[in-house]
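In the working numbering, the protein residues as written are 71 to 542.
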C-alpha cells in the first residue's frame with residue numbers, strides 16, 4: 071500500500087474507536103448543574119404532555135355535566151360513555167408510539183422533541199372548541215399521537231445524554247418535574263370544571279391551559295443539544311465530537327477539577343432495523359416488556375384516569391370528588407422524590423416489582439374506604455406507588471435496547487400499554503358498573519401480579535452499566 075494512505079479497514083477501526091471514546095466521555099461526566107439543567111429542560115417539555123395525559127381524569131365530570139358523555143356506556147364499546155374519551159386518548163398514544171416512534175431514530179431526538187410538542191398543542195386547541203362527542207374523540211386521537219411520540223423521544227433522549235451512574239436519578243428527577251403538573255391539573259379542574267367562565271364550559275379552559283406548551287418549545291429547544299449517541303449511530307462523528315466537547319466545557323468548570331478518565335467499551339453497531347428487537351438478544355427483552363406494559367397500564371391508568379369518577383362511585387359528590395382528587399394529586403411528585411436516593415442503588419427491576427406489589431395492596435385498601443381522610447390517605451399511597459413504578463420503568467425500557475433502534479423499540483413495547491389502556495378503560499367501566507369500586511381494584515391487583523412475574527423472573531440487570539454494555 072502506498073505510503074501516506076490509510077486502508078478502509080483502518081479507517082473503520084479508527085471510526086469505531088472514536089465512537090466508543092465519545093460514548094465513554096459522556097458516561098464519565100459528573101452530575102453537575104449543567105447535566106441537571108439538560109434533564110430539567112427535557113422534563114419541562116414533557117410537563118405539557120403529562121398535563122394533557124392526566125386531565126383526562128379531571129375533566130371527565132365536566133364532560134358528563136355538559137351532556138357530551140355519560141359515566142358508563144350502555145354497551146361495552148359504546149361511544150357515548152366517558153370510557154370512549156379515555157380510549158380515544160390511548161388510541162392516539164398507541165398510534166404515536168407504534169407507528170411514529172421510529173421518527174426520533176430517523177430524524178433525531180431534538181427535531182422530534184420540538185415538533186411533536188407543537189403537534190399536540192395545535193390538536194388540543196382544536197379539541198377544546200368541539201361541540202360533539204365525535205369531534206372531541208377525533209381531535210383527542212390526533213393530540214394523543216403527538217403525546218405518544220413526545221414521551222418516547224424524551225425517554226430515549228435522557229437515557230443517551232446522562233452518564234450511566236446518573237440514569238436512575240435522572241429519570242426520577244424527570245418524573246418529579248413532570249408529575250408536578252398533576253396538582254395544577256387537579257386544582258384547575260376543581261376551580262373551573264363546575265363553572266362556565268365567560269360562558270364557556272370550565273373543562274374547555276382546563277384543556278386550553280395545557281396547550282400553552284407551544285409558547286415554550288423554542289426556548290426549551292435552544293438549551294438542549296442533539297444526542298451524541300444518535301449522531302454516532304448516523305455516522306456523524308464530527309458533530310458528536312463537537313456536542314460532547316461543548317458538554318465537557320460546561321461541566322468541567324462546575325466540577326472544579328479535571329474530569330475523570332474515560333473508559334471506552336465496545337460500541338454498538340451503527341446500522342440497524344426494527345427487526346433487530348425481534349432477534350436475540352433483544353427478543354426476550356421485547357416480549358418481557360410487552361407483557362409488562364399490557365398489564366401495568368391497568369393499575370396505573372385504571373386509577374389515574376378514573377380517580378374522580380371512582381370517588382363519586384363511592385358516594386361522594388362531584389365537587390367534593392374533585393377536591394379529594396386535588397389532594398391526592400398533590401402527592402404525584404412525592405413518590406419519585408422519596409425514591410430518588412435509591413434510584414441508582416437498587417436494581418431497576420426490583421424497584422418495579424416492589425411498586426407493583428404496593429399498587430395492588432393500596433388499591434384494595436382504597437376500595438374499602440368510606441371515611442374521607444382514609445380514602446385520601448390510600449389514594450396518596452397508591453399515587454406514590456404508581457409514580458415510583460413509572461420512573462423506574464421509563465428508565466428500564468430505554469436501557470434495554472441499542473441506540474440505533476432505541477426510539478422504535480421503546481415505542482413498540484410502550485404501544486402495548488396504550489393498546490391495553492384502550493380496552494382496560496372499557497373494562498374499568500364494566501367492573502365499576504357491575505361490581506363497584508372493589509371490582510375495579512381486584513382487576514388491578516390481578517394485573518399487578520402479572521407485572522411482578524414478568525419483570526421479576528425475566529428482567530435483566532442494568533444498574534451502573536453503560537448503554538453499550540447493556541446492548542451487548
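We put the beta carbon where it would ideally sit given N, CA and C, even for glycine.
No experiment lies behind these values; they were computed from the predicted model shown.
Quiz prompt | Per-residue DSSP class, three states only, for residue 468 | solution = helix
Quiz item: Nearest-angstrom Cα distance between residue 78 and residue 85?
Solution: Model confidence at residue 78 stands at a pLDDT of 46, short of 50, so the residue's coordinates are unreliable and nothing is read from them.
Self-check item: Buried versus exposed, by CB contacts within 10 Å (16 or more), residue 81
Solution: Residue placement at residue 81 cannot be trusted, given a pLDDT of 49 that sits under 50; what the coordinates show is reported in the next sentence. Its Cβ having fewer than 16 others within 10 Å, residue 81 is exposed.
Quiz prompt | Contact belief for residue 163 with residue 116 at Cβ below 8 Å, rounded distance in angstroms | solution = The pair is not a contact, with the Cβ atoms about 14 Å apart (cut-off 8 Å).
Quiz item: Where residue 364 and residue 329 are concerned, what is the direct C-alpha to C-alpha distance, given to the nearest angstrom?
Solution: 43 Å
Self-check item: Sequence-distant residues of its chain with Cβ nearer than 7 Å to residue 167 (five each side left out)
Solution: 218, 222, 481, 484, 485, 488
Quiz item: Given a threshold of 16 other Cβ atoms within 10 Å of its Cβ, counted over all protein chains shown, does residue 477 qualify as buried or as exposed?
Solution: buried
Quiz item: Which one of 496, 400, 333, 305 has the shortest CA to CA distance from residue 257?
Solution: 400
Quiz item: Is it the case that the Cβ atoms of residue 259 and residue 129 are separated by a distance below 8 Å?
Solution: yes
Quiz item: CA-CA distance, residue 94 and residue 393?
Solution: 49 Å
Quiz prompt | Helix, strand or coil at residue 297 according to DSSP, with G and I counted as helix | solution = coil
Quiz item: Alpha carbon to alpha carbon, what distance is there between residue 426 and residue 266?
Solution: 40 Å
Practice problem: Report the rounded CA-to-CA distance for residue 180 versus residue 295, giving the unit in angstroms. | Solution: 7 Å
Quiz item: Apart from the five residues on each side of it in sequence, which residues of its chain come closer than 6 Å, Cβ to Cβ, to residue 397?
Solution: 446
Quiz item: Is residue 28 helix, strand or coil by DSSP?
Solution: Only positions 71 to 542 of the chain appear in the structure, and residue 28 is not among them; the question remains open.
Quiz prompt | For residue 457 and residue 249, believed in contact at Cβ under 8 Å, the rounded distance | solution = 6 Å
Self-check item: Residue range of the alpha helix (DSSP H) that includes residue 311
Solution: 307-325
Exercise. Determine the extent of the alpha helix (DSSP H) in which residue 244 is found, giving its start and end residues.
Key: 237-249
Quiz item: Among the residues of its own chain, which have a CB less than 7 Å from the CB of residue 491, if the five just before and after it don't count?
Solution: 160, 367, 371
Exercise. Drop a sphere of 10 angstroms on the beta-carbon of residue 612, count the other beta-carbons inside from all chains shown, and report buried for 16 or more, exposed for fewer.
Key: The shown model of the chain, from 71 to 542, leaves out residue 612, and the question about it has no answer.
Practice problem: Please report the Cβ distance between residue 152 and residue 134, rounded to the nearest whole angstrom; I am assuming they are in contact, meaning their Cβ atoms lie under 8 Å. | Solution: 6 Å
Self-check item: Cβ-based neighbour list, residue 97, same chain, cut-off 6 Å, excluding 5 preceding and 5 following
Solution: 233, 234, 536
Quiz item: Distance, Cα to Cα, residue 195 vs residue 125?
Solution: 14 Å
Quiz item: Rounded to whole angstroms, how far is the Cβ of residue 33 from the Cβ of residue 526, which I believe are closer than 8 Å?
Solution: This structure cannot settle anything about residue 33, because the visible part of the chain is limited to 71 through 542.
Self-check item: Nonlocal neighbours in the same chain, by C-beta distance under 7 Å from residue 468, ignoring five residues either side
Solution: 225, 226, 229, 476, 480
Quiz item: Should residue 430 and residue 518 be called a contact, given that it needs their Cβ atoms to be closer than 8 Å?
Solution: yes
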